[in-house]
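Chains as they are written, first to last, in my numbering: chain A, 568 to 805; chain B, 166 to 656. Beneath this line is the structure, given in structure tokens, with notes to follow.
So, in structure tokens, the structure goes:
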């Protein structure tokens, strides 16, 4: 009898333990289940892990292009965004992210990134009269005049720096690290976060034409050294 | 017939043929010195109990675990989240391993303190050292079977040690890993070691160990002044046991059983509260966002190597383990007779304290020191905004490159980033631009040389950015011989 009763007590105890197991603190929570990287579907996670380092936590105040700039979002189309994120920008620090290009993001994840950027950072109607995102190179000689009229007030007469814009934009090392498109993107869309004007504001009321944009970018690009120097010392910007 | 009668009959039938009950009862009732029935003597049996539990839980896990590179991690995730109570078995097994390593160490320390390794129990000690190594081997191979980022890390250390052997290093690494890198072959090797080879070793040496304990008798409580002499010890011991002995069961076994119960209860509670260990990130070499960290019993090794001057590393990595293991084996031959009591063996006590303190401090350093492989924040953390504002175009490119080249896996900015190298926030107060160039191009002091992987323009950009890394009130370092910030000053 006593043995039976003890067995029954033990069984009840064991059962209640088992039933309680679901609430034990050590049981891994479903929310902790690790996702394999390809399963991440959240824009915030994808953006923070892959882009925030260079483009800033909220798409601005990063060292690279301000993606949260509405003027930029209005300028660029989905196909271009997709191409750049997939393949990166060759010869710059912008990496390629598509798995087909050696990156870690699936096509679906790249689409999530684009949709997320659009939803968060694109606002207002499309820009009217904006120069196109891309265009054939312009004329550097014309560009020098555009620079003197529109840019020199901040960047100094020769682009080596002025009171309102620190540092040289004709530094040879700098120019070797950025693409022409990055220069063009900056001139058209500006950088709201760091106080760079956009194409309508050089000076305000006198928007740059598409031709002027192409010319000033060509002027800058022409200052880029043609050949990569052999050692670091020789890229002196004197 | 009642159940107990049936059991009795079956038992009698078996015993008639096996004839084991006599020796078993004799073993259980062998007399032990009354003084040895102490709470100090319970650690060996507790280790044994945890080992048996490890075998049981390990058996359960082995039924689900898939030792292949592409499915191992998945099968652990399945156990954690989908298999009812799978997480608990994993937790028991994982924490059991920690308990077992801990208990083995305590058991060994106690044996050493009480002089139980002395004549005639030298062989028992030797078998014990093999058991220690086998236990560590189980812990290590088990950690590899988790096959997550930590496993990579643990293996990385092991392979790094082995790989430095002169001449044959590469071949040894290949033998351990099944190839030059950690892959599926590695996993099947470690699975074989973990479930066949080392458990076999464990079982046979536990057998030998226990046989010796029975044959030679449990060590008596060490009395200061009672000297062990080869000529007289055995006779003295037998006299002691026959005049002042008690049967092992139940007299001494009681405390063992109580302690085993307590340990297992503690293990169950730990497992229930702390949950299973890992697996953390999938071991995909492509994933950079990880917190790789070896389990604690190897963490101290890692921090030792991180703290040593680099030129001693190879030498110590190769000779260190050999010497340490050699010393453990040599102990009963170095001090095989003489005083047993720790009160009369100050030198031994000092060594023991020293060893435990060193390992403890190294574990602490490994956990908290800036040398440890913290990789919590990888390069994905944004550059702090104040380092972006007011910077020149070239400096901004430098900030981008520090992200792109993943310098922050080792260096922090604004408190985020790895801690293997110094934080870069105030680098310019310590180094002139020339010195920064040299550090980056030539590396040194555990930093890789980036000379071949950075173009001159890239180096210029990074240096320009780092040259701004000084607090506003503190001027940057400069080289008196050369106007240091000449380049940066052309803004």
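Backbone N, C-alpha and C fix where the C-beta goes; we use that ideal spot for every residue, glycine too.
Backbone CA spacing between residue i and residue j [nearest angstrom]
i, j, result
"residue 425 of chain B", "residue 384 of chain B", "20 angstroms"
"residue 793 of chain A", "residue 330 of chain B", "48 angstroms"
"residue 197 of chain B", "residue 336 of chain B", "51 angstroms"
"residue 617 of chain A", "residue 315 of chain B", "22 angstroms"
"residue 297 of chain B", "residue 581 of chain B", "40 angstroms"
"residue 267 of chain B", "residue 233 of chain B", "30 angstroms"
"residue 167 of chain B", "residue 179 of chain B", "19 angstroms"
"residue 252 of chain B", "residue 246 of chain B", "7 angstroms"
"residue 700 of chain A", "residue 576 of chain B", "37 angstroms"
"residue 221 of chain B", "residue 667 of chain A", "46 angstroms"
"residue 613 of chain B", "residue 606 of chain B", "9 angstroms"
"residue 765 of chain A", "residue 737 of chain A", "19 angstroms"
"residue 539 of chain B", "residue 573 of chain B", "At residue 539 of chain B, the pLDDT of 37 sits below 50, so the modelled position is not reliable; the number obtained from the coordinates is stated separately. Distance between the alpha carbons of residue 539 of chain B and residue 573 of chain B is about 11 angstroms."
"residue 435 of chain B", "residue 526 of chain B", "24 angstroms"
"residue 366 of chain B", "residue 301 of chain B", "12 angstroms"
"residue 403 of chain B", "residue 201 of chain B", "14 angstroms"
"residue 535 of chain B", "residue 529 of chain B", "Model confidence at residue 535 of chain B stands at a pLDDT of 45, short of 50, so the residue's coordinates are unreliable and nothing is read from them."
"residue 489 of chain B", "residue 482 of chain B", "11 angstroms"
"residue 209 of chain B", "residue 572 of chain A", "35 angstroms"
"residue 207 of chain B", "residue 256 of chain B", "24 angstroms"
"residue 645 of chain A", "residue 688 of chain A", "13 angstroms"
"residue 511 of chain B", "residue 284 of chain B", "20 angstroms"
"residue 622 of chain A", "residue 660 of chain A", "12 angstroms"
"residue 380 of chain B", "residue 192 of chain B", "9 angstroms"
"residue 624 of chain A", "residue 216 of chain B", "50 angstroms"
"residue 228 of chain B", "residue 189 of chain B", "33 angstroms"
"residue 579 of chain A", "residue 276 of chain B", "42 angstroms"
"residue 427 of chain B", "residue 239 of chain B", "34 angstroms"
"residue 421 of chain B", "residue 370 of chain B", "21 angstroms"
"residue 517 of chain B", "residue 669 of chain A", "53 angstroms"
"residue 248 of chain B", "residue 601 of chain A", "16 angstroms"
"residue 244 of chain B", "residue 592 of chain B", "47 angstroms"
From the options, residue whose alpha carbon lies closest to that of residue i
i, options, result
"residue 631 of chain B", "B/590, B/608, B/643, B/622", "B/590"
"residue 637 of chain A", "A/752, A/731, A/790, A/617", "A/752"
"residue 642 of chain A", "A/693, A/675, A/720, A/750", "A/693"
"residue 640 of chain B", "B/600, B/513, B/594", "B/594"
"residue 387 of chain B", "B/552, B/396, B/525, B/405", "B/405"
"residue 715 of chain A", "A/679, A/770, A/640, A/665", "A/770"
"residue 476 of chain B", "B/408, B/355, B/609", "B/609"
"residue 606 of chain A", "A/711, A/679, A/745", "A/679"
"residue 500 of chain B", "B/394, B/175, B/176, B/479", "B/394"
"residue 461 of chain B", "B/628, B/569, B/259, B/280", "B/259"
"residue 570 of chain B", "B/437, B/332, B/616", "B/616"
"residue 648 of chain A", "A/658, A/682, A/673", "A/682"
Residue j beta carbon less than 8 angstroms from that of residue i
i, j, result
"residue 622 of chain B", "residue 630 of chain A", "no"
"residue 655 of chain A", "residue 545 of chain B", "no"
"residue 359 of chain B", "residue 310 of chain B", "yes"
"residue 595 of chain A", "residue 440 of chain B", "yes"
"residue 721 of chain A", "residue 734 of chain A", "no"
"residue 740 of chain A", "residue 263 of chain B", "no"
"residue 767 of chain A", "residue 633 of chain A", "no"
"residue 513 of chain B", "residue 389 of chain B", "no"
"residue 303 of chain B", "residue 254 of chain B", "no"
"residue 559 of chain B", "residue 553 of chain B", "no"
"residue 702 of chain A", "residue 777 of chain A", "yes"
"residue 265 of chain B", "residue 219 of chain B", "yes"
"residue 550 of chain B", "residue 628 of chain A", "yes"
"residue 791 of chain A", "residue 742 of chain A", "yes"
"residue 214 of chain B", "residue 429 of chain B", "yes"
"residue 747 of chain A", "residue 788 of chain A", "yes"
Quick check on the DSSP output: what are the complete beta strand (DSSP E) runs of length 3 or more inside the stretch 370-412 of chain B, in order along the chain? 410-412
What residue ranges within the stretch 223-309 of chain B form continuous alpha helix (DSSP H) runs of no fewer than 4 residues, ordered along the chain? 237-246, 251-278
With a floor of 4 residues, list each alpha helix (DSSP H) that falls wholly inside the stretch 759-793 of chain A, ordered by position along the chain. 777-789
Would you check if there are 3 or more beta carbon pairs closer than 8 angstroms linking the stretch 703-713 of chain A to the stretch 774-783 of chain A? yes
Report the residue ranges of all alpha helix (DSSP H) runs contained in full by the stretch 695-738 of chain A; include only those spanning at least 4 residues, in chain order. 707-713, 719-722
Pairs of beta-carbons, one from the stretch 487-494 of chain B and one from the stretch 283-298 of chain B, closer than 8 angstroms: are there three or more? yes
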